[in-house]
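Residues are numbered in the numbering used here as their position in the sequence shown, beginning at 1, plus a constant of 4. For each residue, glycine too, the CB sits at the ideal point set by N, CA and C. Here the structure is a predicted model, which is why all the values come from computation and not from measurement. See below for the structure under consideration.
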Amino acid sequence: MNDELRQVDRTYVIWRNRRLSYFAGCDYFRLSSHPDVLQAVQQGLEQHGLNVAASRMTTGNHPLFTRLEKALAGFFGAPSALLTGSGYATNLIVLQALREDFSHILMDERAHLSLRDATRFFAGPALEFKHRDASDLARQLRRLRGKIRPLVLTDGLFARDGELAPLAAYVKILPSGGMVLLDDAHAAGMIGATGQGTVEYAGVPRRRIIQTVTLSKAFGCYGGAILCEAGLRQKLMTGSAMFAGSTPLPLPLANAALKAMELLRGDPGLRCRLSRHVQHVKTALRARGLSVPQTPAPIVCIVPRTTAEAAKMRRRLLVRDVFPSLIRYPGGPEEGYFRFVVSSEHSQSQLDDLLEGLK
5 MNDELRQVDR
15 TYVIWRNRRL
25 SYFAGCDYFR
35 LSSHPDVLQA
45 VQQGLEQHGL
55 NVAASRMTTG
65 NHPLFTRLEK
75 ALAGFFGAPS
85 ALLTGSGYAT
95 NLIVLQALRE
105 DFSHILMDER
115 AHLSLRDATR
125 FFAGPALEFK
135 HRDASDLARQ
145 LRRLRGKIRP
155 LVLTDGLFAR
165 DGELAPLAAY
175 VKILPSGGMV
185 LLDDAHAAGM
195 IGATGQGTVE
205 YAGVPRRRII
215 QTVTLSKAFG
225 CYGGAILCEA
235 GLRQKLMTGS
245 AMFAGSTPLP
255 LPLANAALKA
265 MELLRGDPGL
275 RCRLSRHVQH
285 VKTALRARGL
295 SVPQTPAPIV
305 CIVPRTTAEA
315 AKMRRRLLVR
325 DVFPSLIRYP
335 GGPEEGYFRF
345 VVSSEHSQSQ
355 LDDLLEGLK
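Structure representation (C-alpha coordinates):
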(Lines of atoms letter the chains of each structure in order from A and count residues from 1; the text may use other names and numbers.)
(Lines give C-alpha, C1' and ligand atoms only; values in the text may rest on other atoms or scores of the structure.)
Protein backbone atom coordinates (compact mmCIF):
# COMPACT_ATOMS: atom_id res chain seq x y z
CA MET A 1 0.00 0.00 0.00
CA ASN A 2 1.27 3.48 -0.91
CA ASP A 3 1.89 6.37 1.49
CA GLU A 4 -1.11 8.26 2.80
CA LEU A 5 -2.25 11.27 0.78
CA ARG A 6 -4.56 14.09 1.85
CA GLN A 7 -5.96 16.20 -0.96
CA VAL A 8 -6.30 19.91 -0.21
CA ASP A 9 -7.32 23.05 -2.11
CA ARG A 10 -8.65 20.95 -5.01
CA THR A 11 -5.34 20.54 -6.90
CA TYR A 12 -2.82 19.91 -4.14
CA VAL A 13 -1.98 17.07 -1.80
CA ILE A 14 -0.26 16.81 1.58
CA TRP A 15 2.40 14.09 1.35
CA ARG A 16 5.05 13.54 4.00
CA ASN A 17 4.27 16.99 5.41
CA ARG A 18 4.79 18.65 2.02
CA ARG A 19 2.19 20.50 -0.03
CA LEU A 20 2.56 19.37 -3.64
CA SER A 21 0.70 19.89 -6.89
CA TYR A 22 -1.36 16.76 -7.50
CA PHE A 23 -1.59 15.30 -11.01
CA ALA A 24 -3.04 11.89 -10.21
CA GLY A 25 -6.36 10.19 -9.57
CA CYS A 26 -9.34 10.58 -11.90
CA ASP A 27 -11.24 13.59 -10.55
CA TYR A 28 -10.96 15.30 -13.92
CA PHE A 29 -12.99 18.42 -13.04
CA ARG A 30 -12.34 18.32 -9.28
CA LEU A 31 -16.08 18.11 -8.70
CA SER A 32 -15.50 16.02 -5.58
CA SER A 33 -14.49 19.26 -3.86
CA HIS A 34 -16.78 21.68 -5.71
CA PRO A 35 -18.70 23.74 -3.12
CA ASP A 36 -22.06 23.14 -4.84
CA VAL A 37 -21.52 19.36 -4.87
CA LEU A 38 -20.50 19.39 -1.20
CA GLN A 39 -23.59 21.44 -0.38
CA ALA A 40 -25.73 18.89 -2.23
CA VAL A 41 -24.27 16.14 -0.03
CA GLN A 42 -25.25 18.07 3.09
CA GLN A 43 -28.73 18.82 1.75
CA GLY A 44 -29.22 15.18 0.80
CA LEU A 45 -28.24 14.09 4.29
CA GLU A 46 -30.58 16.56 5.95
CA GLN A 47 -33.55 15.87 3.66
CA HIS A 48 -33.26 12.14 3.07
CA GLY A 49 -30.97 10.64 5.69
CA LEU A 50 -27.94 8.48 4.99
CA ASN A 51 -29.19 5.11 3.82
CA VAL A 52 -32.35 3.28 2.73
CA ALA A 53 -31.01 0.09 4.41
CA ALA A 54 -32.76 -2.20 1.94
CA SER A 55 -32.49 -3.47 -1.62
CA ARG A 56 -34.31 -1.50 -4.31
CA MET A 57 -36.10 -4.74 -5.18
CA THR A 58 -37.69 -4.80 -1.73
CA THR A 59 -38.34 -1.57 0.19
CA GLY A 60 -35.33 0.57 -0.74
CA ASN A 61 -36.44 2.14 -4.02
CA HIS A 62 -36.26 5.81 -2.98
CA PRO A 63 -37.63 8.48 -5.42
CA LEU A 64 -34.16 10.07 -5.50
CA PHE A 65 -32.79 7.01 -7.31
CA THR A 66 -35.46 7.33 -10.00
CA ARG A 67 -34.65 11.03 -10.41
CA LEU A 68 -30.96 10.24 -10.79
CA GLU A 69 -31.60 7.48 -13.34
CA LYS A 70 -33.75 9.80 -15.44
CA ALA A 71 -31.06 12.47 -15.24
CA LEU A 72 -28.38 9.96 -16.26
CA ALA A 73 -30.40 8.77 -19.26
CA GLY A 74 -30.93 12.38 -20.29
CA PHE A 75 -27.30 13.37 -19.84
CA PHE A 76 -26.01 10.44 -21.91
CA GLY A 77 -28.84 10.40 -24.47
CA ALA A 78 -29.66 6.80 -23.58
CA PRO A 79 -33.12 5.15 -23.49
CA SER A 80 -32.74 4.24 -19.82
CA ALA A 81 -30.24 3.97 -16.98
CA LEU A 82 -29.85 1.58 -14.08
CA LEU A 83 -28.07 2.99 -11.02
CA THR A 84 -25.58 0.70 -9.26
CA GLY A 85 -23.70 0.85 -5.98
CA SER A 86 -20.32 1.30 -7.68
CA GLY A 87 -18.79 1.64 -11.11
CA TYR A 88 -16.92 -1.64 -10.65
CA ALA A 89 -20.20 -3.50 -10.07
CA THR A 90 -21.78 -2.42 -13.37
CA ASN A 91 -20.00 -4.96 -15.56
CA LEU A 92 -20.52 -7.78 -13.09
CA ILE A 93 -24.26 -7.06 -12.97
CA VAL A 94 -24.48 -7.11 -16.77
CA LEU A 95 -22.72 -10.48 -17.15
CA GLN A 96 -24.60 -12.01 -14.23
CA ALA A 97 -27.91 -11.16 -15.86
CA LEU A 98 -26.90 -11.93 -19.46
CA ARG A 99 -24.61 -14.92 -18.88
CA GLU A 100 -26.65 -17.17 -21.19
CA ASP A 101 -27.68 -14.59 -23.80
CA PHE A 102 -24.44 -14.66 -25.82
CA SER A 103 -22.43 -17.47 -27.40
CA HIS A 104 -18.93 -16.04 -26.89
CA ILE A 105 -17.06 -13.26 -25.15
CA LEU A 106 -14.25 -11.49 -27.00
CA MET A 107 -12.30 -9.17 -24.71
CA ASP A 108 -9.52 -6.65 -25.26
CA GLU A 109 -6.36 -8.12 -23.74
CA ARG A 110 -5.91 -4.97 -21.61
CA ALA A 111 -9.52 -4.69 -20.48
CA HIS A 112 -10.22 -3.32 -17.02
CA LEU A 113 -10.24 -5.67 -14.04
CA SER A 114 -13.99 -5.28 -13.63
CA LEU A 115 -14.56 -6.66 -17.14
CA ARG A 116 -12.22 -9.56 -16.40
CA ASP A 117 -14.03 -10.33 -13.17
CA ALA A 118 -17.36 -10.18 -14.99
CA THR A 119 -16.37 -12.95 -17.41
CA ARG A 120 -16.40 -15.41 -14.49
CA PHE A 121 -20.19 -15.31 -14.60
CA PHE A 122 -20.34 -16.10 -18.33
CA ALA A 123 -21.63 -19.51 -19.38
CA GLY A 124 -19.69 -19.76 -22.67
CA PRO A 125 -16.07 -19.42 -23.86
CA ALA A 126 -14.22 -16.14 -23.24
CA LEU A 127 -11.45 -15.22 -25.71
CA GLU A 128 -9.05 -12.27 -25.93
CA PHE A 129 -8.08 -10.14 -28.90
CA LYS A 130 -5.08 -7.86 -29.32
CA HIS A 131 -5.27 -4.47 -27.67
CA ARG A 132 -7.36 -1.98 -29.69
CA ASP A 133 -6.97 -4.20 -32.78
CA ALA A 134 -10.15 -4.38 -34.86
CA SER A 135 -8.49 -6.62 -37.47
CA ASP A 136 -7.59 -9.19 -34.81
CA LEU A 137 -11.13 -9.03 -33.46
CA ALA A 138 -12.44 -9.64 -36.99
CA ARG A 139 -10.05 -12.57 -37.42
CA GLN A 140 -11.25 -14.18 -34.22
CA LEU A 141 -14.89 -13.65 -35.15
CA ARG A 142 -14.30 -15.45 -38.45
CA ARG A 143 -12.90 -18.46 -36.59
CA LEU A 144 -16.08 -18.97 -34.57
CA ARG A 145 -18.39 -21.68 -35.90
CA GLY A 146 -22.16 -21.92 -36.13
CA LYS A 147 -24.71 -19.28 -35.28
CA ILE A 148 -22.80 -16.93 -33.02
CA ARG A 149 -23.93 -14.07 -30.82
CA PRO A 150 -20.71 -12.55 -29.45
CA LEU A 151 -20.32 -9.94 -26.72
CA VAL A 152 -17.26 -7.72 -27.16
CA LEU A 153 -15.77 -6.38 -23.91
CA THR A 154 -13.60 -3.27 -23.98
CA ASP A 155 -12.78 -0.07 -22.17
CA GLY A 156 -13.81 3.06 -24.03
CA LEU A 157 -10.89 5.13 -22.75
CA PHE A 158 -7.99 3.11 -21.40
CA ALA A 159 -6.92 4.66 -18.12
CA ARG A 160 -3.26 3.72 -18.32
CA ASP A 161 -2.31 5.87 -21.30
CA GLY A 162 -5.44 7.67 -22.53
CA GLU A 163 -5.88 5.63 -25.72
CA LEU A 164 -9.41 5.15 -27.07
CA ALA A 165 -10.99 1.94 -28.33
CA PRO A 166 -11.79 1.95 -32.09
CA LEU A 167 -15.45 1.60 -31.25
CA ALA A 168 -16.82 2.40 -34.70
CA ALA A 169 -14.67 -0.34 -36.24
CA TYR A 170 -15.85 -2.86 -33.64
CA VAL A 171 -19.51 -2.10 -34.29
CA LYS A 172 -19.00 -2.32 -38.04
CA ILE A 173 -17.58 -5.86 -37.95
CA LEU A 174 -19.99 -7.28 -35.36
CA PRO A 175 -22.31 -10.03 -36.58
CA SER A 176 -26.02 -9.25 -36.45
CA GLY A 177 -26.52 -10.84 -33.03
CA GLY A 178 -23.47 -9.28 -31.43
CA MET A 179 -23.18 -6.44 -28.92
CA VAL A 180 -20.47 -4.42 -27.17
CA LEU A 181 -20.17 -4.11 -23.39
CA LEU A 182 -18.37 -0.77 -23.16
CA ASP A 183 -16.72 0.15 -19.87
CA ASP A 184 -16.74 3.92 -20.30
CA ALA A 185 -15.76 4.84 -16.75
CA HIS A 186 -12.96 7.23 -17.75
CA ALA A 187 -14.72 8.80 -20.74
CA ALA A 188 -18.13 9.43 -19.19
CA GLY A 189 -18.72 13.11 -18.55
CA MET A 190 -15.48 14.08 -20.26
CA ILE A 191 -15.16 12.74 -23.83
CA GLY A 192 -17.52 13.76 -26.64
CA ALA A 193 -19.07 17.10 -27.58
CA THR A 194 -21.41 17.02 -24.56
CA GLY A 195 -19.56 14.55 -22.36
CA GLN A 196 -21.56 11.46 -23.31
CA GLY A 197 -18.38 9.41 -23.60
CA THR A 198 -16.84 7.19 -26.24
CA VAL A 199 -20.19 6.48 -27.91
CA GLU A 200 -20.65 10.15 -28.71
CA TYR A 201 -16.98 10.67 -29.61
CA ALA A 202 -17.04 7.75 -32.08
CA GLY A 203 -20.41 8.76 -33.50
CA VAL A 204 -21.94 5.28 -33.27
CA PRO A 205 -25.57 4.39 -32.49
CA ARG A 206 -26.39 3.01 -29.05
CA ARG A 207 -28.55 0.17 -30.32
CA ARG A 208 -25.76 -2.43 -30.06
CA ILE A 209 -23.89 -1.01 -27.09
CA ILE A 210 -24.30 -1.48 -23.36
CA GLN A 211 -22.43 1.45 -21.85
CA THR A 212 -21.31 1.25 -18.23
CA VAL A 213 -20.11 4.34 -16.38
CA THR A 214 -18.97 5.46 -12.96
CA LEU A 215 -19.92 8.56 -11.02
CA SER A 216 -16.60 8.63 -9.14
CA LYS A 217 -14.40 10.15 -11.83
CA ALA A 218 -15.54 13.04 -14.02
CA PHE A 219 -18.60 13.53 -11.77
CA GLY A 220 -16.53 13.46 -8.58
CA CYS A 221 -19.12 11.47 -6.62
CA TYR A 222 -19.68 7.72 -6.26
CA GLY A 223 -21.76 4.92 -7.74
CA GLY A 224 -22.21 3.63 -11.26
CA ALA A 225 -24.80 3.27 -14.00
CA ILE A 226 -25.65 0.96 -16.87
CA LEU A 227 -27.01 2.76 -19.94
CA CYS A 228 -29.15 0.56 -22.16
CA GLU A 229 -32.59 -0.16 -23.63
CA ALA A 230 -35.54 -0.16 -21.22
CA GLY A 231 -36.24 -3.87 -21.73
CA LEU A 232 -32.64 -4.76 -21.00
CA ARG A 233 -32.72 -2.64 -17.84
CA GLN A 234 -35.58 -4.74 -16.50
CA LYS A 235 -33.70 -7.93 -17.30
CA LEU A 236 -30.62 -6.67 -15.44
CA MET A 237 -32.70 -5.89 -12.36
CA THR A 238 -34.30 -9.32 -12.18
CA GLY A 239 -31.42 -11.41 -13.52
CA SER A 240 -28.55 -10.17 -11.36
CA ALA A 241 -28.29 -11.35 -7.77
CA MET A 242 -25.68 -8.64 -7.18
CA PHE A 243 -28.18 -5.92 -8.05
CA ALA A 244 -31.19 -7.54 -6.39
CA GLY A 245 -29.33 -8.26 -3.16
CA SER A 246 -27.42 -4.99 -2.76
CA THR A 247 -28.20 -1.89 -0.75
CA PRO A 248 -28.09 1.04 -3.21
CA LEU A 249 -26.06 4.22 -3.21
CA PRO A 250 -26.21 6.39 -0.03
CA LEU A 251 -28.81 9.08 -0.62
CA PRO A 252 -26.53 12.12 -0.05
CA LEU A 253 -24.21 10.81 -2.78
CA ALA A 254 -27.13 10.37 -5.17
CA ASN A 255 -28.11 13.98 -4.50
CA ALA A 256 -24.51 15.07 -5.11
CA ALA A 257 -24.39 13.20 -8.43
CA LEU A 258 -27.48 15.08 -9.60
CA LYS A 259 -25.74 18.38 -8.82
CA ALA A 260 -22.51 17.27 -10.54
CA MET A 261 -24.40 16.43 -13.74
CA GLU A 262 -26.14 19.79 -13.57
CA LEU A 263 -22.75 21.53 -13.30
CA LEU A 264 -21.21 19.62 -16.19
CA ARG A 265 -24.21 20.17 -18.42
CA GLY A 266 -24.64 23.83 -17.48
CA ASP A 267 -21.00 24.89 -17.64
CA PRO A 268 -19.36 23.84 -20.95
CA GLY A 269 -16.41 25.98 -19.88
CA LEU A 270 -15.26 23.13 -17.65
CA ARG A 271 -14.63 20.85 -20.63
CA CYS A 272 -13.21 23.73 -22.69
CA ARG A 273 -10.71 24.56 -19.94
CA LEU A 274 -9.72 20.93 -19.58
CA SER A 275 -9.24 20.66 -23.34
CA ARG A 276 -6.93 23.71 -23.37
CA HIS A 277 -4.86 22.30 -20.51
CA VAL A 278 -4.56 18.91 -22.22
CA GLN A 279 -3.52 20.49 -25.51
CA HIS A 280 -0.93 22.67 -23.78
CA VAL A 281 0.70 19.77 -21.92
CA LYS A 282 0.59 17.24 -24.75
CA THR A 283 1.92 19.70 -27.33
CA ALA A 284 4.88 20.52 -25.08
CA LEU A 285 5.64 16.85 -24.44
CA ARG A 286 5.45 15.96 -28.14
CA ALA A 287 7.87 18.80 -28.90
CA ARG A 288 10.35 17.01 -26.63
CA GLY A 289 9.98 13.79 -28.57
CA LEU A 290 7.67 11.96 -26.17
CA SER A 291 5.05 9.69 -27.70
CA VAL A 292 1.67 10.93 -26.45
CA PRO A 293 -1.63 9.54 -27.81
CA GLN A 294 -3.54 11.86 -30.13
CA THR A 295 -6.67 11.77 -28.00
CA PRO A 296 -8.51 14.33 -25.85
CA ALA A 297 -7.82 12.28 -22.73
CA PRO A 298 -6.01 14.23 -19.98
CA ILE A 299 -3.73 11.30 -19.18
CA VAL A 300 0.04 11.14 -19.67
CA CYS A 301 1.84 7.85 -19.10
CA ILE A 302 5.63 7.67 -18.84
CA VAL A 303 7.38 4.32 -18.33
CA PRO A 304 10.94 4.74 -17.01
CA ARG A 305 13.51 2.52 -18.70
CA THR A 306 15.43 1.90 -15.49
CA THR A 307 15.00 2.35 -11.75
CA ALA A 308 17.72 5.01 -11.90
CA GLU A 309 15.75 6.96 -14.49
CA ALA A 310 12.61 6.67 -12.35
CA ALA A 311 14.49 7.98 -9.31
CA LYS A 312 15.87 10.92 -11.31
CA MET A 313 12.43 11.87 -12.61
CA ARG A 314 11.03 11.60 -9.10
CA ARG A 315 13.65 14.03 -7.80
CA ARG A 316 13.03 16.52 -10.61
CA LEU A 317 9.30 16.51 -9.91
CA LEU A 318 9.79 17.05 -6.20
CA VAL A 319 12.09 20.01 -6.89
CA ARG A 320 9.13 21.57 -8.73
CA ASP A 321 6.78 20.66 -5.84
CA VAL A 322 4.89 18.14 -7.97
CA PHE A 323 3.77 14.85 -6.45
CA PRO A 324 5.69 12.02 -8.24
CA SER A 325 2.80 9.70 -9.11
CA LEU A 326 4.69 6.47 -9.79
CA ILE A 327 2.08 3.72 -9.56
CA ARG A 328 1.93 -0.03 -9.81
CA TYR A 329 -1.34 -1.31 -11.20
CA PRO A 330 -2.43 -4.79 -12.33
CA GLY A 331 -1.70 -5.20 -16.02
CA GLY A 332 0.94 -2.46 -16.05
CA PRO A 333 4.74 -2.71 -15.88
CA GLU A 334 5.85 -4.58 -12.77
CA GLU A 335 8.38 -1.87 -11.89
CA GLY A 336 5.65 0.75 -12.13
CA TYR A 337 5.10 3.80 -14.31
CA PHE A 338 4.39 7.49 -13.93
CA ARG A 339 0.78 8.45 -14.62
CA PHE A 340 -0.13 12.13 -14.66
CA VAL A 341 -3.66 13.49 -15.04
CA VAL A 342 -4.42 17.09 -15.97
CA SER A 343 -7.61 18.60 -14.55
CA SER A 344 -9.68 21.59 -15.57
CA GLU A 345 -8.78 23.25 -12.27
CA HIS A 346 -4.97 23.19 -12.40
CA SER A 347 -3.38 26.61 -12.74
CA GLN A 348 -1.01 27.56 -15.54
CA SER A 349 1.89 27.66 -13.09
CA GLN A 350 1.09 24.11 -11.94
CA LEU A 351 1.04 22.90 -15.55
CA ASP A 352 4.38 24.57 -16.15
CA ASP A 353 5.83 23.00 -13.00
CA LEU A 354 4.74 19.59 -14.25
CA LEU A 355 6.38 20.19 -17.64
CA GLU A 356 9.58 21.42 -16.00
CA GLY A 357 9.66 18.34 -13.81
CA LEU A 358 9.31 16.12 -16.88
CA LYS A 359 12.13 17.73 -18.85
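Here the region 194–206 does not lie against the region 119–137, with fewer than 3 beta-carbon pairs under 8 Å apart. Each residue's CA atom was taken as its position, placing alanine 101 and aspartate 357 some 48 Å apart. Secondary structure of proline 154 (DSSP, three-state): strand. Here glycine 224 is near arginine 34, since their CB atoms are less than 9 Å apart.
Looking at the backbone, the Cα of histidine 350 and that of arginine 211 are separated by about 38 Å. Going by DSSP, tyrosine 205 is part of no beta strand (DSSP E) but of the alpha helix (DSSP H) stretching over 202–206. Taking a contact as a CB-CB distance under 8 Å, the pair tyrosine 26 and glutamine 11 counts as one, their CB atoms being some 6 Å apart. Between the beta-carbon of aspartate 188 and that of valine 217 there is about 5 Å, and that keeps the pair under the 8 Å contact cut.
The beta carbon of glycine 335 is closer than 7 Å to those of Arg114 in its chain, skipping five residues each way along the sequence. Between leucine 262 and glycine 227, the CB-CB gap reaches or exceeds 9 Å.
A straight-line Cα-Cα distance of about 43 Å links leucine 171 and arginine 22. Under the 8 Å Cβ criterion, the region 241–251 counts as touching the region 51–62, having at least three qualifying pairs. Excluding its 5 nearest sequence neighbours in each direction, arginine 277 has C-beta neighbours in its own chain below 6 Å: Ser348, listed in chain order.
Minimum Cα-Cα distance from arginine 149 among the listed residues Pro129, Asp159, Arg309 corresponds to Pro129.
Assigned with DSSP and collapsed to three states, serine 84 falls in strand. The Cβ atoms of glutamine 215 and leucine 231 sit closer than 9 Å to each other. Taking aspartate 121 as the centre and dropping the five residues before and after it, the same chain places the C-beta of Leu96 closer than 7 Å to its C-beta, in chain order.
Residue burial is scored here from C-beta neighbours: glutamate 73 has at least 16 other C-beta atoms within 10 angstroms and is therefore classed as buried.
From the listed residues Ala57, Gln238, Arg275, the smallest Cα separation to alanine 85 is found for Gln238.
Under the three-state reduction of DSSP output, alanine 173 falls in the helix class. 9 Å or more divides the Cβ of glycine 182 from the Cβ of arginine 147. Between valine 307 and tyrosine 341, the C-beta gap is smaller than 9 Å, which places the two residues in contact. Residue pairing by DSSP puts glutamate 132 in a beta bridge opposite Met111. Relative to valine 98, the option among Asp112, Phe79, Ala127 whose CA is nearest is Ala127. The C-beta separation of glutamine 144 from leucine 119 comes to about 17 Å, leaving the pair out of contact by the 8 Å criterion. The continuous alpha helix (DSSP H) containing serine 139 extends over residues 138–147. Distance from the CA of leucine 267 to the CA of serine 90, rounded to the nearest whole angstrom, comes to 21 Å.
Here tyrosine 92 is not near leucine 76, since their CB atoms are 9 Å or more apart. Distance between lysine 176 and cysteine 30, taken at the CA atoms: about 31 Å. DSSP, reduced to helix, strand and coil, places aspartate 356 within a helical segment of the structure shown. Going by DSSP, cysteine 276 is part of the alpha helix (DSSP H) stretching over 273–291.
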